[in-house]
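Quick note: the sequence shown uses our numbering, first residue 3, plus one each step.
Presented below is the structure to which this report refers.
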Amino acid sequence: MAVCLTLVLMAPAGIQRQTAKLNDDRGVLASTAYVVKHAQLVSINPTAVAAVAARLAGGAFYLPPWDATLHFADGTARTANYVLVLDALNFSFWGESRWRIEYHGRVLDGYWALAAALKRAVEDGVPLLEADYLAGLTRPDLAHILRGEGDIPLLEERLANVHEVGRVLGTRYGGRFAAAIEAAQGSALRLVRRIIADFASFDDVARYDNRMVRFYKRAQICVADLYGAFGGQQWGRFDDLDRLTAFADYKLPQIMRHYGILEYGPPLAERVDARVPIPAGSPEEVEIRAGTIWGVEYLRRALARRGRPMRAFELDWYLWDLSQHEAGALPPYHRTRTIFY
Numbered sequence: 003m004a005v006c007l008t009l010v011l012m013a014p015a016g017i018q019r020q021t022a023k024l025n026d027d028r029g030v031l032a033s034t035a036y037v038v039k040h041a042q043l044v045s046i047n048p049t050a051v052a053a054v055a056a057r058l059a060g061g062a063f064y065l066p067p068w069d070a071t072l073h074f075a076d077g078t079a080r081t082a083n084y085v086l087v088l089d090a091l092n093f094s095f096w097g098e099s100r101w102r103i104e105y106h107g108r109v110l111d112g113y114w115a116l117a118a119a120l121k122r123a124v125e126d127g128v129p130l131l132e133a134d135y136l137a138g139l140t141r142p143d144l145a146h147i148l149r150g151e152g153d154i155p156l157l158e159e160r161l162a163n164v165h166e167v168g169r170v171l172g173t174r175y176g177g178r179f180a181a182a183i184e185a186a187q188g189s190a191l192r193l194v195r196r197i198i199a200d201f202a203s204f205d206d207v208a209r210y211d212n213r214m215v216r217f218y219k220r221a222q223i224c225v226a227d228l229y230g231a232f233g234g235q236q237w238g239r240f241d242d243l244d245r246l247t248a249f250a251d252y253k254l255p256q257i258m259r260h261y262g263i264l265e266y267g268p269p270l271a272e273r274v275d276a277r278v279p280i281p282a283g284s285p286e287e288v289e290i291r292a293g294t295i296w297g298v299e300y301l302r303r304a305l306a307r308r309g310r311p312m313r314a315f316e317l318d319w320y321l322w323d324l325s326q327h328e329a330g331a332l333p334p335y336h337r338t339r340t341i342f343y
């Protein structure tokens with residue numbers, strides 16, 4: 003494990019020079035680099051990175067399209083509000099008794115159930131995209147919006163996030179998330195910073211060796227989702243999407259471990275495989291998330307060297323979609339109950 007970690011950190015010359023090009027001192031890559039360098043239980047295998055990159059570069063793979071059948075989209079500023087609400091609630095779907103919904107004859111769980119449940123509410127006439135309604139949403143109302151088989155985890159926390167979205171949109175942006183996007187002036191990074199500054203529930207940070215570590219999973223994915231929802235136009239046009247990182251969750255490290263890119267030390271591997279919860283903010287959880295971000299980053303660089311350039315968020319989308327199709331063959335994912343992913 004230690005040898006593997008040393009090799010992967012030495013492979014790209016000058017890690018700090020590389021991160022400086024992509025992020026400033028508040029950036030995700032810069033702050034997670036320290037964790038990867040000093041990790042005790044998670045390492046990145048450069049041989050596996052090279053092998054996966056060679057396989058991907060030599061074959062045909064495609065980016066999953068934005069699914070307009072399960073997401074609400076009408077091309078107006080209402081779609082921007084939908085994306086913000088969606089990503090305010092986009093976390094913690096795992097559990098032994100899965101939460102599911104039925105939508106237009108399809109049984110869905112996880113993220114897709116959330117996307118469809120919100121779209122269903124809009125179709126049912128629920129004023130879900132209006133700031134005043136969100137700010138005053140009751141627990142029974144949210145439970146009805148998310149109705150299905152079983153209970154979605156962390157309902158109270160989701161309700162608090164919805165209230166925050168409604169309150170901030172109403173007081174700062176005239177009820178329009180599009181106004182926040184416009185203020186970012188086409189910069190994905192500026193919008194990420196604005197989201198985490200205005201919406202505390204998106205401020206996804208941790209501490210490691212008494213250092214601040216920034217992940218910003220839901221803030222970054224919100225920007226990428228705007229790009230998907232608007233097809234890169236209007237409120238989905240950003241000039242610096244290449245500066246987003248992967249979105250550190252629990253599905254990405256699962257498939258990266260399956261491919262050998264991420265390796266867990268025996269104590270952590272045993273806990274993950276036994277489905278023992280890993281506390282949010284613990285050193286091992288922070289190491290998994292930091293390793294995920296840098297595993298994707300090294301894979302992105304390896305693909306670029308092979309003539310298959312992809313942005314980190316696109317590679318994230320591809321790997322996440324792959325994890326959905328190969329779920330039965332994958333090792334267990336780490337169980338961490340948190341509002342951040």
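Positions of the beta carbon are idealized from the N, C-alpha and C atoms, including for glycine.
Expected contact under 8 Å - CB spacing of Phe217 and Ala226 to nearest Å = Not really, about 14 Å apart at Cβ, beyond 8 Å.
For Glu265, which beta-bridge partners are listed by DSSP?
-> Ser45
In terms of residues, what are the limits of the alpha helix (DSSP H) holding Met312?
-> Met312 -> no alpha helix (DSSP H), and no H or E assigned at all.
Are the stretch 60–68 and the stretch 307–320 in contact at 8 Å, needing three or more beta carbon pairs?
-> yes
Does DSSP put Val128 in a helix, in a strand, or in coil?
-> coil
Are Ala79 and Ala180 close, meaning C-beta to C-beta below 8 Å?
-> yes
Would you check whether the ligand PLP has a heavy atom nearer than 7 Å to the C-beta of Gly60?
-> No copy of the ligand PLP occurs in the structure displayed, which carries no ligand at all.
Alpha carbon to alpha carbon, what distance is there between Trp322 and Ala15?
-> Per-residue confidence for Ala15 stands at a pLDDT of 33, beneath the threshold of 50, marking its modelled position as unreliable; the derived number appears in the next sentence. Ala15 and Trp322: Cα-Cα distance of roughly 28 Å.
What runs of the beta strand (DSSP E), each 3 residues or longer, lie entirely inside the stretch 271–324?
-> none
Looking at C-alpha atoms only, which residue of Ala123, Arg273 and Gln222 is the closest neighbour of Asp242?
-> Gln222
May I have the straight-line CA-CA distance separating Leu148 from Gly267, to the nearest angstrom?
-> 38 Å
Does the Cβ of His336 have 16 or more other Cβ atoms within 10 Å, making it buried, or fewer, making it exposed?
-> buried
Bridge partners of Met214, per DSSP?
-> Arg209
Could you have a look at Trp105 and say whether DSSP puts it in helix, strand or coil?
-> Residue identity check: residue 105 is Tyr in the sequence provided, not Trp. If DSSP states are grouped into helix, strand and coil, Tyr105 belongs with the strands.
Of the listed residues Gly150, Ala90, Leu157 and Asp111, nearest to Leu131 (C-alpha basis) | Ala90
Can the beta-carbon of Asp94 be found less than 8 Å from the beta-carbon of Leu156?
-> The sequence given here places Ser at residue 94; Asp does not occur at that position. A contact, by the Cβ cut-off of 8 Å.
Coil, strand or helix - Leu171 by DSSP | helix
From what residue to what residue does the alpha helix (DSSP H) around Tyr36 run?
-> Val30 to His40
Which residue from Gly112, Ala185 and Lys253 puts its Cα closest to that of Glu328?
-> Lys253
Nearest to Gly283 by CA position, among Tyr343, Arg277 and Ile183, is which residue?
-> Tyr343
Is it right to say Met214 is buried, meaning 16 or more other beta carbons lie within 10 angstroms of its own, or is it exposed?
-> exposed
Grouping DSSP H, G and I as helix and E and B as strand, with all else coil, what is Leu110?
-> strand
Contact check, Thr340 vs Pro279, beta carbons under 8 Å | no
Span of the alpha helix (DSSP H) holding Gln222?
-> Lys219 to Ala231
For Gly77, collect the residues of the same chain with a Cβ closer than 6 Å to its Cβ; drop the 5 residues on either side in sequence, then sort them by chain order.
-> none
Is it buried or exposed for Gln389, if we count other Cβ within 10 angstroms and need 16 for buried?
-> With the chain represented from 3 up to 343, any question about residue 389 goes unanswered, as that position is not in the structure.
For Glu328, write down the residues that DSSP places opposite it in a beta bridge.
-> DSSP output for Glu328 lists no bridge partner at all.
So what does Glu151 bridge to, in DSSP terms?
-> Arg102
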